[in-house]
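A short write-up of the structure that comes next.
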Amino acid sequence: MKKIICLSLLLSTVLIGSLYAYTKKETSTSSSVGQTTEMITQSSEQSQQDTNKHRQTSSVLWRVEKSGKPVSYLLGTIHIGKIGSSLPKEMVQALSESKVLITEANMEPDFQELMQLSQLMLDPQGNLEQKLGEHDFRALASMTKNVPAQALKQFKPWAAFTLAMYGTPNGYSEEFGIDKLLTKQAITTDKERVFLEKIEEQLQFFADVPEEKIISALKVMLQNATSTQAETQKLIDFYEKNNLDQLAALTLNKENTLKNFPPNDQKYWAHWFYETLLKERNHHWLAVIDQQLSQQSTLIAVGSAHLMGENGLIQLLKNKGYTLTPISLN
């Protein structure tokens with residue numbers, strides 16, 4: 166269980182940012198954090214020289230090329246980052262050279278959109294504490310300190326599941342996740358933005374899970390809170406070292422991913438994670454991405470798990486005739 170929790174955090178990065186934004190607006194517990202990313206510029210020629218000098222076989226950032234089409238980039242992201250950090254210069258350069266930024270969903274939803282999301286995620290008549298039990302609810306409240314306990318009681322179980330799976334280590338914040346920083350940079354520089362999905366569509370993948378499976382998984386998650394955060398930190402470390410191979414080794418190891426699930430639920434969660442969240446969405450996105458790459462230079466930024474394996478975007482784009490070259494991050 167602990168691995169799928171950590172691995173899933175690479176997928177739908179907008180969920181927690183939107184959720185926190187809503188709860189902060191409703192409860193007035195704190196003001197939203199505004200960050201302006203410093204723009205770093207560098208010539209294309211120097212960037213290519215650095216790429217050649219530090220050439221490697223894997224990366225979270227890839228140059229995407231095909232004859233007759235503009236050069237584009239593919240980036241695997243993570244939803245949290247060290248507080249005060251900024252984008253690596255290679256990512257800034259990739260965005261600078263691109264006319265369009267594609268992300269999974271809108272990382273800066275407006276207030277009206279957040280209100281609509283709240284209607285989907287909250288049940289004013291519900292009582293999550295009754296469904297989880299007092300002990301597990303207190304454990305959940307301890308994990309999600311940014312959400313007041315009274316507001317947490319109104320969360321639907323699947324919404325609490327999405328909240329609990331994002332264990333954020335001390336010194337890290339969703340506001341400094343790669344997706345957030347890229348989005349802010351794109352807005353600052355007036356880049357066109359394209360979204361592969363609506364936030365509601367992302368949330369629906371969780372809402373469609375039967376409630377009894379969600380509650381069972383959530384209870385296991387709470388029991389393994391300490392090890393979950395340790396796994397999260399391990400993934401962050403691999404990401405910061407630009408080690409996509411190690412990230413993939415964790416993500417694609419089904420045995421380790423599923424070993425802490427109840428035996429009767431393992432088949433269900435394996436299909437949900439590897440087929441529904443990864444494979445099906447990757448193949449659906451591919452047509453949109455391929456069409457966009459034919460038109461304009463584009464930076465595609467999606468959760469790192471979507472890059473990996475035979476059904477990952479790296480391999481799917483190669484199957485379409487694209488040449489992908491990993492870019493070293495200094």
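All letters in the sequence shown, in the order written, are residues 166 to 495 by my numbering.
Glycine residues also receive a C-beta, built at the ideal position from the N, C-alpha and C atoms.
Item to check | Lys356, buried or exposed, once every other Cβ within 10 Å from all chains shown has been counted against 16 | outcome: Locating residue 356 in the sequence shown gives position 191, counting from the first residue. Buried is the call here.
Checklist entry - Which value, in whole angstroms, describes the spacing of the CA atoms of Thr222 and Gly246? => result Locating residue 222 in the sequence shown gives position 57, where the first residue counts as 1. Locating residue 246 in the sequence shown gives position 81, where the first residue counts as 1. Answer to the nearest angstrom: the Cα atoms are 24 Å apart.
Next on the checklist: Need the endpoints of the alpha helix (DSSP H) that Val385 sits in, please.
Outcome noted: Position 220 of the sequence shown holds residue 385. Where Val385 is concerned, the enclosing alpha helix (DSSP H) stretches over Glu376 to Gln388.
Next on the checklist: Please return the same chain residues whose Cβ sits closer than 8 Å to the Cβ of Val236, not counting the five positions on each side in sequence.
Outcome noted: Here residue 236 refers to the residue found at position 71 of the sequence shown. Apart from sequence neighbours up to five positions away, the residues of its chain that approach Val236 with a beta-carbon distance below 8 Å are Arg228, Val229, Glu230, Glu262 and Ser462, ordered along the chain.
Checklist entry - Under three-state DSSP, which class holds Gln211? => result For the purposes of this step, residue 211 is taken as residue 46 along the sequence shown, with counting starting at 1. At Gln211 the pLDDT is 45, less than 50, meaning the model places this residue with poor confidence; the figure from the coordinates comes in the next sentence. Gln211: helix per DSSP, three-state reduction.
Next on the checklist: If distances are taken between C-alpha atoms only, which option among Lys363, Gln460 and Gly298 comes closest to Lys234?
Outcome noted: Stepping through the sequence shown from its first residue, residue 234 is reached at position 69. Nearest of Lys363, Gln460 and Gly298 to Lys234, Cα basis: Gln460.
Item to check | Phe302, DSSP secondary structure in three states | outcome: Your numbering for residue 302 matches position 137 in the sequence shown. In this structure, Phe302 counts as helix in the three-state DSSP scheme.
Checklist entry - If you compare alpha carbons, which of Tyr238, Gln367, Thr490 and Gly468 is closest to Lys345? => result As a position in the sequence shown, residue 345 is number 180, starting the count at 1. The shortest C-alpha separation from Lys345 is found at Gly468.
Checklist entry - Any idea which residues DSSP pairs Ile267 with across the strands? => result For the purposes of this step, residue 267 is taken as the residue at position 102 of the sequence shown. DSSP output for Ile267 lists Val359 and Ile465 as bridge partner(s).
Checklist entry - Buried or exposed: which applies to Leu478, given that a residue is buried once 16 or more other Cβ atoms fall within 10 Å of its Cβ? => result What you label residue 478 is simply residue 313 of the sequence shown in a count that begins at 1. Buried is the call here.
Checklist entry - Which two residues bound the contiguous beta strand (DSSP E) that contains Tyr487? => result By one-based count along the sequence shown, residue 487 stands at place 322. First-last for Tyr487: undefined, no H or E at that position.
Item to check | For Leu226 and Asn447, the rounded distance between their alpha carbons | outcome: Start at 1 with the first residue of the sequence shown, and residue 447 comes out as number 282. Start at 1 with the first residue of the sequence shown, and residue 226 comes out as number 61. If I take the Cα positions, the gap works out to 17 Å.
Next on the checklist: Considering Cα atoms alone, identify which of Val385, Ala414 and Met386 is closest to Lys399.
Outcome noted: Within the sequence shown, the letter at position 234 stands for residue 399. Out of Val385, Ala414 and Met386, Ala414 has the C-alpha closest to the C-alpha of Lys399.
Next on the checklist: Considering only the alpha carbon of each residue, which of Tyr238, Ile243 and Ile454 lies closest to Phe403?
Outcome noted: Taking the sequence shown and counting its residues from 1, one reaches residue 403 at position 238. Considering only Tyr238, Ile243 and Ile454, the residue with the shortest C-alpha distance to Phe403 is Ile243.
Item to check | Pair within 7 Å by beta-carbon distance, Trp323 and Val374 | outcome: Taking the first residue of the sequence shown as 1, we reach residue 323 at position 158. Taking the first residue of the sequence shown as 1, we reach residue 374 at position 209. With a cutoff of 7 Å on beta-carbon distance, Trp323 and Val374 are scored as near each other.
Checklist entry - If you follow the alpha helix (DSSP H) that Glu230 is part of, which residue opens it and which one closes it? => result The residue given as residue 230 occupies position 65 in the sequence shown. From DSSP, Glu230 is part of no alpha helix (DSSP H) but of the beta strand (DSSP E) over Leu226 to Glu230.
Checklist entry - Run through DSSP, which three-state label would Lys247 get? => result Here residue 247 corresponds to residue number 82 of the sequence shown, with the count starting at 1. Three-state DSSP puts Lys247 in a strand.
Next on the checklist: Within a Cβ cutoff of 7 Å, which residues of the same chain sit near Pro289, ignoring the five residues on either side of it in sequence?
Outcome noted: Position 124 of the sequence shown, counted from the first residue, corresponds to residue 289. Closer than 7 Å at the Cβ level, and outside the excluded window around Pro289, lie Gln319.
Checklist entry - Are the beta-carbon atoms of Ile267 and Ile465 separated by less than 7 Å? => result Locating residue 267 in the sequence shown gives position 102, where the first residue counts as 1. Locating residue 465 in the sequence shown gives position 300, where the first residue counts as 1. Cβ atoms of Ile267 and Ile465: closer than 7 Å.
Item to check | Endpoints, the beta strand (DSSP E) within which Thr348 is located | outcome: Locating residue 348 in the sequence shown gives position 183, counting from the first residue. Note, Thr348: premise wrong, no beta strand (DSSP E); alpha helix (DSSP H) at Ile343 to Thr353.
Item to check | Alpha-carbon to alpha-carbon, Gln480 and His471 | outcome: In the sequence shown, the residue the question calls residue 471 occupies position 306. In the sequence shown, the residue the question calls residue 480 occupies position 315. Computed Cα separation, rounded: 10 Å.
Next on the checklist: For Leu317 and Ile492, I'd like the C-alpha separation in whole angstroms.
Outcome noted: Locating residue 317 in the sequence shown gives position 152, where the first residue counts as 1. Locating residue 492 in the sequence shown gives position 327, where the first residue counts as 1. In a straight line, the C-alpha of Leu317 is about 42 Å away from that of Ile492.
Checklist entry - Should Leu442 be listed as close to the ligand ATP, given that the test is whether its C-beta is under 6 Å from any heavy atom? => result Of the ligands one can find in the structure shown there are none, so the ligand ATP has no counterpart to examine.
Item to check | CB of Ala314 within 7 Å of CB of Ala304, strictly | outcome: Numbered from 1 along the sequence shown, position 149 holds the residue referred to as residue 314. Numbered from 1 along the sequence shown, position 139 holds the residue referred to as residue 304. Pairing Ala314 with Ala304 gives a Cβ-Cβ distance that is not under 7 Å.
Item to check | Residues bridged to Thr242 (per DSSP) | outcome: Locating residue 242 in the sequence shown gives position 77, counting from the first residue. The bridge partners DSSP lists for Thr242 are Gly468.
Next on the checklist: Using 7 Å as the threshold, is the C-beta distance between Leu287 and Thr309 below it?
Outcome noted: For the purposes of this step, residue 287 is taken as the residue at position 122 of the sequence shown. For the purposes of this step, residue 309 is taken as the residue at position 144 of the sequence shown. In this structure, Leu287 keeps its C-beta atom at 7 Å or more from the C-beta atom of Thr309.
Checklist entry - When DSSP labels each residue in this structure, what does Phe426 get in the three-state scheme? => result Here residue 426 refers to the residue found at position 261 when the sequence shown is read from its first residue. Note: Phe426 maps to coil in three-state DSSP.
Checklist entry - If Phe426 and Leu383 are in contact, beta carbons under 8 Å, what's the gap, nearest whole angstrom? => result Here residue 426 refers to the residue found at position 261 of the sequence shown. Here residue 383 refers to the residue found at position 218 of the sequence shown. Contact doesn't hold; Cβ gap of about 12 Å is too wide.
Next on the checklist: Measuring alpha carbon to alpha carbon, tell me which residue in Leu252, Met272 and Asn484 is nearest Val359.
Outcome noted: In the sequence shown, the residue the question calls residue 359 occupies position 194. Comparing alpha-carbon positions, the option among Leu252, Met272 and Asn484 lying closest to Val359 turns out to be Met272.
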